[in-house]
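Note that the protein sequences, when read in sequence, are chains G and U. One point on numbering: in this note's numbering, the residue at position 97 of the first sequence is 97, and numbering is uninterrupted. To convert, take the position in the second sequence, counting from 1, and add 115; that gives this note's numbering.
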Amino acid sequence: GAVVSQHPSRVICKSGTSVKIECRSLDFQATTMFWYRQFPKQSLMLMATSNEGSKATYEQGVEKDKFLINHASLTLSTLTVTSAHPEDSSFYICSARGLREYEQFFGPGTRLTVL
Amino acid sequence: AQSVTQLGSHVSVSEGALVLLRCNYSSSVPPYLFWYVQYPNQGLQLLLKYTTGATLVKGINGFEAEFKKSETSFHLTKPSAHMSDAAEYFCAVRSTGNTPLVFGKGTRLSVIA
């Protein structure tokens with residue numbers, strides 16, 4: 001299957017700082033990317049969907065000013081957690097899909113810990 | 116809108132025993148169905164998927180699932196559990212078009228020696 005990478009895999013930051021997470025599709029063009037959040041021992045919750053070159057569509061309850069998503073190219077999407085607080089600590093997983101794909105390909109996830 | 120219900124948040128089986136993880140879905144259109152496995156602190160790995168065609172789908176690591184439209188189910192099975200199968204399993208559904216995957220709450224599989 002296609003490969004999706006995420007960077008960093010783990011990040012620890014102080015409260016009030018901003019953190020950027022990168023998601024790259026390595027061997028295909030990702031026309032659509034998805035960002036999920038997963039709390040310990042829970043399922044994946046969709047945060048937002050982004051199409052290349054368009055503004056992201058956020059799920060209800062997700063603050064778009066706090067979780068900035070950019071999908072400027074067909075191989076890269078970024079999630080920036082602005083002014084992070086301890087309650088933002090979570091496992092963030094990106095997923096990408098090509099134009100004619102049934103399947104979403106998942107990145108390995110980023111563990112964010114806000115102190 | 117699609118939704119997924121996974122019955123049983125935790126399933127425990129003996130090594131060598133049958134694994135059965137249940138998944139029921141709700142979809143107003145013919146669904147695409149998926150099973151993923153997640154090991155601790157890792158991303159998701161696709162086990163198998165159903166899109167169209169044969170309703171019995173075989174995946175990796177000896178897993179298979181059967182799409183039963185009349186029962187709106189897509190249960191995951193494996194004839195003989197192995198210790199390495201211990202993980203979290205997620206069932207997911209999506210419809211056609213540019214829609215995202217919707218996940219069930221997950222089932223944690225424990226394998227007892």
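The beta carbon of each residue, even a glycine, is placed where N, CA and C say it ideally should be.
Below-9 Å beta-carbon distance, residue i vs any chain G residue
{"i": "U:Gly131", "result": "no"}
{"i": "U:Tyr140", "result": "no"}
{"i": "U:Arg209", "result": "yes"}
Span of the beta strand (DSSP E), counted from its first residue to its last, around residue i
{"i": "U:Ala202", "result": "Ala202 to Arg209"}
{"i": "U:Tyr165", "result": "Leu159 to Tyr165"}
{"i": "U:Tyr151", "result": "Tyr147 to Gln153"}
{"i": "U:Glu181", "result": "Glu179 to Lys183"}
{"i": "U:Ser142", "result": "From DSSP, U:Ser142 is part of no beta strand (DSSP E); its letter is neither H nor E."}
{"i": "G:Arg10", "result": "Arg10 to Cys13"}
{"i": "U:Ala116", "result": "Segment: none, U:Ala116 is in no beta strand (DSSP E) and carries neither H nor E."}
{"i": "U:Lys193", "result": "Ser188 to Lys193"}
{"i": "G:Ser90", "result": "Ser90 to Arg97"}
{"i": "G:Ser83", "result": "Where G:Ser83 is concerned, there is no enclosing beta strand (DSSP E), given that its DSSP letter is neither H nor E."}
{"i": "U:Ile227", "result": "Thr222 to Ile227"}
{"i": "G:Met47", "result": "Leu44 to Asn51"}
{"i": "G:Thr110", "result": "Thr110 to Val114"}
{"i": "U:Lys173", "result": "Leu171 to Lys173"}
Any C-beta of chain U under 9 Å from that of residue i
{"i": "G:Thr75", "result": "no"}
{"i": "G:Ile21", "result": "no"}
{"i": "G:Glu103", "result": "yes"}
{"i": "G:Ile12", "result": "no"}
{"i": "G:Phe91", "result": "yes"}
Contacts that residue i makes with chain G (C-beta to C-beta distance below 7 Å)
{"i": "U:Phe218", "result": "Ser43 and Leu44"}
{"i": "U:Gly257", "result": "In the structure as shown, chain U starts at 116 and stops at 228, and residue 257 of chain U therefore has no counterpart that could be examined."}
Per-residue contacts from residue i into chain G (C-beta, under 9 Å)
{"i": "U:Asn213", "result": "Thr31, Thr32, Thr49, Asn51 and Arg97"}
{"i": "U:Gly221", "result": "Lys41, Gln42, Ser43 and Leu44"}
Partners in chain U for residue i, counting only beta-carbon separations shorter than 8 Å
{"i": "G:Gly107", "result": "Gly158"}
{"i": "G:Arg111", "result": "Asn156"}
Interface residues of chain G facing residue i [CB-CB closer than 8 Å]
{"i": "U:Thr238", "result": "Nothing in the structure corresponds to residue 238 of chain U, since chain U is present only between 116 and 228."}
{"i": "U:Phe205", "result": "Ser43 and Leu44"}
Test: residue i CB closer than 9 Å to a CB of chain A
{"i": "G:Thr31", "result": "The chain labelled as chain A is not found among the protein chains of the depicted structure, namely G and U."}
**Request:** Give a yes or no on contact between the stretch 201 to 211 of chain U and the stretch 141 to 157 of chain U, applying the rule of three or more CB pairs nearer than 8 Å.
**Result:** yes
**Contact list for the stretch 46 to 79 of chain G against chain U, Cβ threshold 8 Å** = Leu46, Thr49 and Asn51
**Message:** Taking 8 Å as the cut-off, does the stretch 52 to 63 of chain G touch the stretch 121 to 131 of chain U (at least 3 CB pairs, one atom from each stretch)?
**Reply:** Output reads no: the stretch 52 to 63 of chain G does not touch the stretch 121 to 131 of chain U.
**Message:** Can you confirm whether the stretch 6 to 17 of chain G touches the stretch 27 to 42 of chain G when touching is taken to mean that 3 or more C-beta pairs between the two stretches lie within less than 8 Å?
**Reply:** no
**Prompt:** Between the stretch 140 to 161 of chain U and chain G, which residues of the former have CB atoms less than 9 Å from a CB of the latter, in chain order?
**Reply:** Tyr147, Phe149, Tyr151, Gln153, Asn156, Gln157, Gly158, Leu159, Gln160 and Leu161
**Request:** Could you tell me whether the stretch 69 to 84 of chain G touches the stretch 21 to 31 of chain G, using the rule of 3 or more Cβ pairs below 8 Å?
**Result:** yes
**Request:** Count the C-beta pairs between the stretch 161 to 168 of chain U and the stretch 134 to 143 of chain U that are closer than 8 Å, then say yes if the count reaches three, no if not.
**Result:** No: fewer than three Cβ pairs fall under 8 Å.
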